[in-house]
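Mapped onto my numbering, the consecutive letters of the sequence shown carry residue numbers 95 to 629.
Even for Gly, the Cβ is constructed at its ideal location relative to N, Cα and C.
Data first, discussion second: the structure below is written as structure tokens.
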Amino acid sequence: MKTDRHTIITMTLVTLALIFFTPAAVTGSHNETNNIIPIPVSVEYHDGFFVFKPSIRIIAEKDAQAEASKLIDALAPAMGYRLKLASKARPKARVVKLVIDPRISQPGLEGYILDVSAEQILIRAKQPAGLFYGIQSLLQLLPASIFSKTQVKDINWKVPCLKITDYPRFQWRGLLIDPARHFITVNNVKKFLNGMAMHKFNRLQMHLTDNIGWRIEIKKHPNLTKLASNRDRSGGNGGFYTQEEIRELVRYAEKRHITIVPEIEMPYHAGAAINAYPYIGINPARVEGMSLDKRWAALGGLVAPRPETVEFMQDVLAEVIDLFASRFIHIGGDEANLKLWENDPEMQTQMKQLGCKDAHELHSWFIKQMDAFLIQNNRRLLGWDEILQGGLAPGATVMSWRGIHGGITAANAGHDVVMAPTSHTYFDYYQSAPVNEPLAIGGLIPLEKVYQYDPIPKAITPEKAVHILGVQGQLWGEYISTQKHLEYMAYPRAIALAEIGWSQNELKSYGNFVTRLRHHLKHLEAKGINYRKLD
Ligand code: ACM
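What follows is the structure, given as structure tokens:
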């Protein structure tokens, strides 16, 4: 991973030098423009167009056929015909050709080269993901109605002749959704994944558990979903994902080259689990006889880090690992009120026995138990930046949300980091003055503020910057109870974030972004995705 990022940085500098000192690479002969978001690394324009017709064949060998089918599927509804797939072109026939070629000179594994001439469209990539991203760019070069779900007549499906060379700046381009607070149906998660794929996002973090609800079936502990998934408090839309539904979502996301990152919250935000299994909470005797509804509040949503609790959470993680392909498993770790441990006699004894000098160290001990378990199972622990307090677990990757300092500290200590600060990436915050907006949790993060964000902190040396894996936007669900509203909060801010995650920093220009965005929003309209109108 380290060499990879070093290579990327070196190649980026070389490429940028080429872009800025080779005028033809930027403007070509017509000074044309395109509206692709995220903006590609380099675009060279040529004369003419490639025009789609029903007779055009999609040419792909076996290793590229899955992506070729996705292209055919994407074009069919609006075009009203399905292009045919073939493994070889007939002489002189006009074709769209998809090629996996490990030798193309692209940094990283997700890049692509898209060549459009009047005779053929050629997309080359090292891996299927690159072809997929090349296809997303190609779709954006067609008239916007290509995203329509029904046939569009009397239109010329043409693409300008050009050559795009493109690859992402960051390997982690994520969004978080929160079905724990307000449940999100399987179909709506799929719709959300479709929107992400258009923008070359590759990670969806699902916040599956919290005080208010537990949303994933765990066979060994059935009360988690039986007692803790249907809470009145969650606005009447309780529910949970069966293991079969989780597998279906993981497969659906993988087809779009998106990894679903599960988040199982501990030791705090665990009220729903404690509600179902009081023995993992502090002083369980205190809640005996209490109604289910009162228990979590009484226990503060914080588990007690005794051996049975460690075993309980590892049981959960074992099933989670079996369900999700993600190398990273998010264990939360945020916002624990450690006074509850400090003031509890059993926890005081536990701290003494473990040699912890304070509750932060006990918190760290608990997280380290999960870290060791995940390492044993060939996975990596991801946690919010509070896991730095009391000592960071050896294998941990940090998600920096309380500003960027946690991220800087972790990167300087040689740990990987995903930047997710409240200052720029909390899309549950207001997007303009609250009087003009539906009720939100607070804050103010307009579109331009998101766009100005650079995930690489200034206060970090280049050799530590390789630990910044990327960036993620958060759509916490306390105030988001419908899909329409989720999309309203996500878009267009997530589109700005997509450009931050994918595009080279030096190519960023807010004015130019907004110009492209005005066109791009037609794609969302055609797809039936809601968004906040531009000011
Ligand atoms: C968080 O927003 N508590 C990670």
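No heavy atom of the ligand ACM is found nearer than 6 Å to the CB of residue 480.
When distances are taken from the beta-carbon of residue 428 to the heavy atoms of the ligand ACM, the shortest one is below 6 Å. The beta carbon of residue 435 sits no closer than 6 Å to any heavy atom of the ligand ACM. By the CB criterion at 7 Å, residue 263 and residue 295 fall outside the cutoff. Annotation for residue 298: the continuous beta strand (DSSP E) segment containing it runs 297-301. Residue 369 is classed as buried because its beta carbon has at least 16 other beta carbons within 10 Å across all chains shown. Counting C-beta pairs with one atom in each stretch, the segment 600-617 and the segment 144-151 have fewer than three that are closer than 8 Å, which means they do not touch.
Beyond the five residues adjoining it in sequence on each side, residue 570 comes within less than 6 Å, by CB distance, of 272 and 522 in the same chain, given in chain order. For residue 280, the three-state secondary structure derived from DSSP is helix. Going by DSSP, residue 221 is part of no alpha helix (DSSP H) at all; its letter is neither H nor E.
Pairwise C-beta distances place the segment 351-368 in contact with the segment 292-312, as three or more of them are shorter than 8 Å. At least one heavy atom of the ligand ACM sits closer than 6 Å to the Cβ of residue 495.
Counting the other Cβ atoms within 10 Å of the Cβ of residue 233 gives 16 or more, which makes it buried. Annotated three-state conformation of residue 311 is coil, per DSSP. The C-alpha of residue 324 lies about 21 Å from the C-alpha of residue 397.
Around residue 465, the same chain offers 475, 487, 488, 489 and 490 as residues with beta carbons nearer than 7 Å, after the five sequence neighbours per side are excluded. When C-beta atoms of the segment 550-570 are compared with those of the segment 506-514, three or more pairs fall below 8 Å, so the two segments count as touching.
Measuring C-alpha to C-alpha distances from residue 452 to each of 461, 173 and 432 identifies 432 as the nearest. In terms of Cα proximity to residue 394, the closest of 375, 447 and 402 is 375.
DSSP assignment within the segment 540-622 yields the following whole alpha helix (DSSP H) runs of 4 residues or more, N-terminal first: 541-545, 556-559, 577-584, 587-596 and 604-621. By the Cβ rule, the segment 157-165 counts as touching the segment 218-226, because three or more pairs are nearer than 8 Å. The segment 498-509 and the segment 456-464 do not touch, with fewer than 3 CB-CB distances between them shorter than 8 Å. For residue 268, the enclosing beta strand (DSSP E) stretches over residues 266-271. If you compare the alpha carbons of 309, 400, 418 and 425 with that of residue 447, the shortest gap goes to 400. In summary, residue 618 is buried, with 16 or more beta-carbon neighbours lying within 10 Å of its beta-carbon over all protein chains present.
Residue environment analysis places residue 311 among the buried positions, since at least 16 neighbouring C-beta atoms fall within 10 angstroms of its C-beta. Restricting attention to alpha helix (DSSP H) runs no shorter than 4 residues, the segment 422-490 encloses them at 433-436, 439-448 and 453-470, ordered along the chain.
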